[in-house]
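Inspection log for the structure reproduced underneath, given as structure tokens.
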Amino acid sequence: MDTTEFLIKLILVISVFGISLLIAMYSTYAERKVAAFLQDRLGPNRAGPFGILQPVADGVKMFMKEEIIPANADKFLFIAGPSLMMLTACMTGVVIPWGGELTIGRNTFNLQITDVNIGLLYIFGVVSIGVYGIMIGAWASNNKYSLMGGLRASSQMISYELAMGISIIALVMTTGTLSTKEIVEQQSSWHWNILYQPLGFLIFLVCAFAETNRTPFDLPECETELIGGFHTEYSSMKLGFYLFAEYINMFISSAILATLYFGGYNFPFIESWGLSPNAVTIIGTLLFFGKIFFFIFFFMWVRWTIPRFRYDQLMNLGWKVMIPLALFNLFITGIITLWRNGAF
Numbered sequence: 012m013d014t015t016e017f018l019i020k021l022i023l024v025i026s027v028f029g030i031s032l033l034i035a036m037y038s039t040y041a042e043r044k045v046a047a048f049l050q051d052r053l054g055p056n057r058a059g060p061f062g063i064l065q066p067v068a069d070g071v072k073m074f075m076k077e078e079i080i081p082a083n084a085d086k087f088l089f090i091a092g093p094s095l096m097m098l099t100a101c102m103t104g105v106v107i108p109w110g111g112e113l114t115i116g117r118n119t120f121n122l123q124i125t126d127v128n129i130g131l132l133y134i135f136g137v138v139s140i141g142v143y144g145i146m147i148g149a150w151a152s153n154n155k156y157s158l159m160g161g162l163r164a165s166s167q168m169i170s171y172e173l174a175m176g177i178s179i180i181a182l183v184m185t186t187g188t189l190s191t192k193e194i195v196e197q198q199s200s201w202h203w204n205i206l207y208q209p210l211g212f213l214i215f216l217v218c219a220f221a222e223t224n225r226t227p228f229d230l231p232e233c234e235t236e237l238i239g240g241f242h243t244e245y246s247s248m249k250l251g252f253y254l255f256a257e258y259i260n261m262f263i264s265s266a267i268l269a270t271l272y273f274g275g276y277n278f279p280f281i282e283s284w285g286l287s288p289n290a291v292t293i294i295g296t297l298l299f300f301g302k303i304f305f306f307i308f309f310f311m312w313v314r315w316t317i318p319r320f321r322y323d324q325l326m327n328l329g330w331k332v333m334i335p336l337a338l339f340n341l342f343i344t345g346i347i348t349l350w351r352n353g354a355f
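Numbering (this note's numbering), first residue to last: 12 to 355.
Now the structure itself:
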């Protein structure tokens, strides 16, 4: 790797991390505006025009709050929990193809930090580490409510990861690759995977809600039973890290949904518009972010529309509905794949 390519990759890494943090920051503003719209209210409208500076005010408030660590807490693990949660949330975006190829001078670069041939396995590996951030923080708090929230989070995430993983196996059988770049390239024109794996997409979508602890799957932080759940004892920016990580995970989950099932940066007939390759790449990236913002809005829409499950209902849905559906989808996908390959 020469110096120019290294600098481009470094700029891309900083850009992806910066965009992730910026979108997470303004997702809090969007969440409150969407909630206000659905409830016929105004939402934030004091800090700046249309309340657009509200996330900045919230960030300053977080930084200025008193830093409290309970006397009987494990100090090292208490700090490590939210740090690990934030780290894993930011790591996932490195294998997502944010666009096609961009030509600068004589050099051509991919708008993807790294294209590993096991991109999907990397995503699942990093996501599975995220549960440790919740469990470590919950246990280190030395608070029974926090511990219960951590146990709920770990059992919920492990349960729904099974169904999510099985739905991805069906997608891999359809595409024949674990590379996110190749999966996107196979979805050019109208060949989006949502048309071939509609049930797999539905399973993945429901599991994404559970993995990000979003309503109606927000039992780990259920205020009616557990005060604040796994982050009850947290304050200042350590609490901010947990909240930021949730919104970054929502952004990354939306990006993965758009990548795997909705063509990523592909859009039907974009190649026939007579544009330059660079223009196609830039427009494709903008359209990709449009798909991501749609899914983020959908996450928020569901939160302010559907009530929270009971915990037994949540676990029954995961083990008795989602996993059997995922296995059924895997079986049907296998039959169709064998038939298309002439095995029958």
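Here a beta-carbon is modelled for each residue, glycine too, at the ideal position from N, C-alpha and C.
| Item | Value |
| --- | --- |
| In whole angstroms, what separates the C-alpha of Leu-328 from that of Pro-335? | 10 angstroms |
| State yes or no: is the C-beta of Gly-110 within less than 7 angstroms of the C-beta of Thr-292? | yes |
| List the endpoints of the continuous alpha helix (DSSP H) containing Asn-204. | No alpha helix (DSSP H) holds Asn-204; DSSP gives it neither H nor E. |
| Apply the 10 Å Cβ neighbour rule to Glu-16 and answer buried if 16 or more other Cβ atoms are within range, or exposed otherwise. | exposed |
| In the DSSP output, which residue or residues are listed as bridge partners for Phe-339? | Beta-bridge pairing links Phe-339 to no other residue. |
| For the beta strand (DSSP E) that contains Ile-129, what are its first and last residues? | Ile-129 -> no beta strand (DSSP E), and no H or E assigned at all. |
| From Ala-290 to Lys-20, what does the alpha carbon distance come to, in whole angstroms? | 20 angstroms |
| By the 10 Å Cβ neighbour count, where 16 or more other Cβ atoms means buried, how is Pro-279 classified, buried or exposed? | exposed |
| Apart from the five residues on each side of it in sequence, which residues of its chain come closer than 8 angstroms, Cβ to Cβ, to Met-96? | Gly-141, Gly-144, Ile-145, Gly-148, Phe-252, Tyr-253 and Ala-256 |
| Considering only DSSP beta bridges, list what Glu-112 is partnered with. | Asn-121 |
| Which first and last residues belong to the alpha helix (DSSP H) in which Lys-86 is found? | 86 to 102 |
| Do Ser-287 and Ala-219 have their C-beta atoms closer together than 7 angstroms? | no |
| Tell me which residues share the same chain as Pro-66 and place their Cβ nearer than 8 angstroms to its Cβ, disregarding the 5 neighbours each side in the sequence. | Met-36, Tyr-37, Thr-39 and Tyr-40 |
| Would DSSP call Pro-227 helix, strand or coil? | coil |
| What number of angstroms, rounded off, separates the C-alpha of Leu-173 from the C-alpha of Leu-325? | 14 angstroms |
| Going by the beta-carbon positions, is the gap between Ser-31 and Ile-259 smaller than 7 angstroms? | yes |
| Grab me the residues of Ala-337's own chain with a C-beta within less than 7 angstroms of its C-beta, minus the 5 sequence neighbours each way, in chain order. | Ala-174, Ile-177, Ser-178 and Ile-214 |
| Ends of the alpha helix (DSSP H) at Tyr-171? | 155 to 186 |
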